[in-house]
Structures are given as C-alpha cells and as structure tokens.
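Here the working numbering is used: position 9 in the sequence shown is 87, and no number is missing along the way.
Presented below is the structure to which this report refers.
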Amino acid sequence: MPAVSRKVHAIPTAASPGRPRTASPAFVWLVNKNLPILVAMTFAFSTMPAIAVDLANNLTETRNGNAQVSNTRFEAQSFATNATDFVIDSVTVSVQKDSAFSAGTLNLFFFDATGAGGTPGSSVQVNPIASVPAASLTTTIDANYTFSLLNYVLAPSTNYFVVLGGSDLTGADFFGWNFTNSTNGIGFPSSYSRSDDGGVNWRNVDLTQPQKMTVTAVPEPLTIGLGAVGAALLCWLGRRSRLKAA
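Here you go:
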C-alpha cells in the first residue's frame, strides 16, 4: 500500500522572522463595524460629570488669625495637581472683610511656583481667574467663599499657588484670609508666601501657618471617555476570545 504523503505547513508566529506584526483582519473589521458606537460612547463619557477630588483642603482646621489682602498685599498658598486631576473646578477660601465696606473686589489668581526658593513666579494669566465684589462678602469671622465653575486647565503633576489680591479698595480697607497653625489636611503642609507689591516680589516660603482653603479638581473629560471606551473594548474582546475558545 503506497505511503500517504502528508504536507506539513509551518504556522507563522509573532516571533517568526520577516513577518510584520499587524492587526488581525477580524480585529480591523470589528473596529470598523463598531466605530460609530465607539465614537458615541466617547462623546457620552466625555460629557458625563467627573468626580471631584480635593487637591488641598484644610478648612476644618482651627482658625488662628488672618493675613491681610489689599490692593498691593497679595497672599499665596501652594497646592499641587496630579497626573489625572488638573482641571480646577473650584477654590474655597476662608475670608472676610475687616469692616462693612462695599467698594473694591477680591481677586483670585493662580501663580506657578517657579520663583526663587519655590516662591510664586508668574500668574498663569494676566487677568484674575475669578473675582467677587466686596459687597458680596461678609464680616463674619471664618466665613467661606467659593469661586466655583472655574474649569481652568493647569499642567498635570505641577506645583501652583492660590493667590488672593484686592483691587479698587479705598483707604485702609482690606480682606482677611484666615490661617491656621495646623499643618494637617489634604495636601498640607504646603508653602505660604506674601507679596507687598501686588505680586511682583515674594517673601520666602513658610510651612507653619497655612492659609485656609480648598482646591477641587476634576479629570479632563476626554481622558475619562477614552479610558472608559478603551477598557470596555478590551473587556468585550477578552470575553469574545473566551467564548470562541470554549
């Protein structure tokens, strides 16, 4: 009986020389077929409210005094963004007026920390990030005011300063930004500094009596959307592979 000839074909693998690694036709077809769904999912996730995270928060610590904020005297307290949370949503400060005046404005700035010895360097923009009229603030000690809906994008994993300064104040009027002797709280201890010339020159930083504040951030919406879609797609592909193997 003649011997049966068997043809053996080598199965190319990812390690086979001379063969480029490309996506399988099935994977390409899957992505193309479901591209509208993936785009819709990305848009849906990018418009979802993000979970807010406190980058700094010591508002519950005991008040031990206040630092004066005026037309020329600016006060600064540092905070740091992280790798994912760098869109600043709100800043809450413990602040009050020294008397019942109504003229003038309290201004919020963000400064980078590129000054000598880690002091404030430059404002991230020329104009204030947000402002509130003096008439809207109270003389109540240790009252909180929130600059909300800021949606201001900073660099990830970077040190910055919350800076408060006044404008159009008359006479000896000033705002008092409350501080604490405690270095406890989220993001503390952190650096405090002061300018007596409207933010041009700054004193050496101090860690012992931080200003009372909360800095809240959210992840960038598109980052959330792409991450969620990618994770969902990988899970779906893994499940599909397991079903085929079974």
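Virtual Cβ for every residue (Gly too), placed ideally from N, Cα, C.
These numbers come from a predicted model, not from an experiment.
Over what stretch of residues does the beta strand (DSSP E) that includes residue i continue unbroken?
i	result
Asp190	183-190
Trp346	The question about residue 346 has no answer here: the residues shown for the chain are numbered 79 through 324.
Thr292	291-297
Asn135	131-135
Which same chain residues, not among the five before or five after residue i, have their C-beta less than 7 Å away from its C-beta?
i	result
Gly243	Val147, Phe152, Asn185, Phe187, Gly276, Gly277
Pro288	Asn136, Gln155, Phe257, Thr258, Thr261, Phe266, Pro267, Ser268, Tyr270
Asp190	Gly199, Ser200, Val202, Tyr238
Ser245	Asn149, Gly182, Thr183, Asn185
Pro206	Asn185, Leu186, Phe187
Phe157	Leu133, Ala134, Tyr238, Val240, Gly265, Ser268, Val293
Phe179	Ala212, Asp251
Using the DSSP secondary-structure output, state which residues sit across from residue i in a beta bridge.
i	result
Glu211	Sequence check: residue 211 is Pro here, not Glu. According to DSSP, Pro211 bridges with Thr183.
Arg281	Paired residue(s): none; Arg281 is not in a bridge.
Gln269	The question names Gln, but residue 269 is Ser in the sequence shown. Looking at the DSSP assignment, Ser269 forms no beta bridge with any residue, so it has no partner.
Ser201	Phe189
Can you find a heavy atom of the ligand MN that lies under 7 Å from the Cβ of residue i?
i	result
Arg141	With respect to the ligand MN, the structure shown offers nothing to examine, as it has no ligands at all.
Excluding sequence positions up to five away, which residues of its chain have a Cβ less than 6 Å from the Cβ of residue i?
i	result
Trp280	Gly193, Thr197, Pro198, Ser271, Ser273
Thr224	Ser168, Thr170
Glu298	Val165
Val210	Leu184
Val231	Val165
Val342	Residue 342 lies beyond the residue range present for the chain, which begins at 79 and ends at 324; the question has no answer from this structure.
Please work out which residues of its chain come closer than 8 Å, Cβ to Cβ, to residue i, disregarding the five sequence neighbours upstream and downstream, and give them in chain order.
i	result
Leu227	Asp167, Ser168
Ser177	Thr217, Asp251
Asp284	Ser269, Tyr270, Ser271
Asn229	Val165, Ile166, Asp167
Asn282	Gly195, Thr197, Ser271
Review point. Residue ranges of each beta strand (DSSP E) run of no fewer than 3 residues wholly in the stretch 140-178, ordered along the chain?
Key: 143-147, 152-158, 163-175
Practice item. Determine contact between the stretch 138-147 and the stretch 229-239, defined as no fewer than three beta-carbon pairs at a distance below 8 Å. Key: no
Check your understanding: Between the stretch 166-177 and the stretch 209-217, are three or more C-beta pairs nearer than 8 Å?
Key -> yes
Exercise for review: Jot down the residue ranges of each uninterrupted beta strand (DSSP E) in the stretch 209-245, minimum 3 residues, whole runs only, in chain order.
Suggested key: Complete beta strand (DSSP E) runs here, min 3: 222-225, 237-245.
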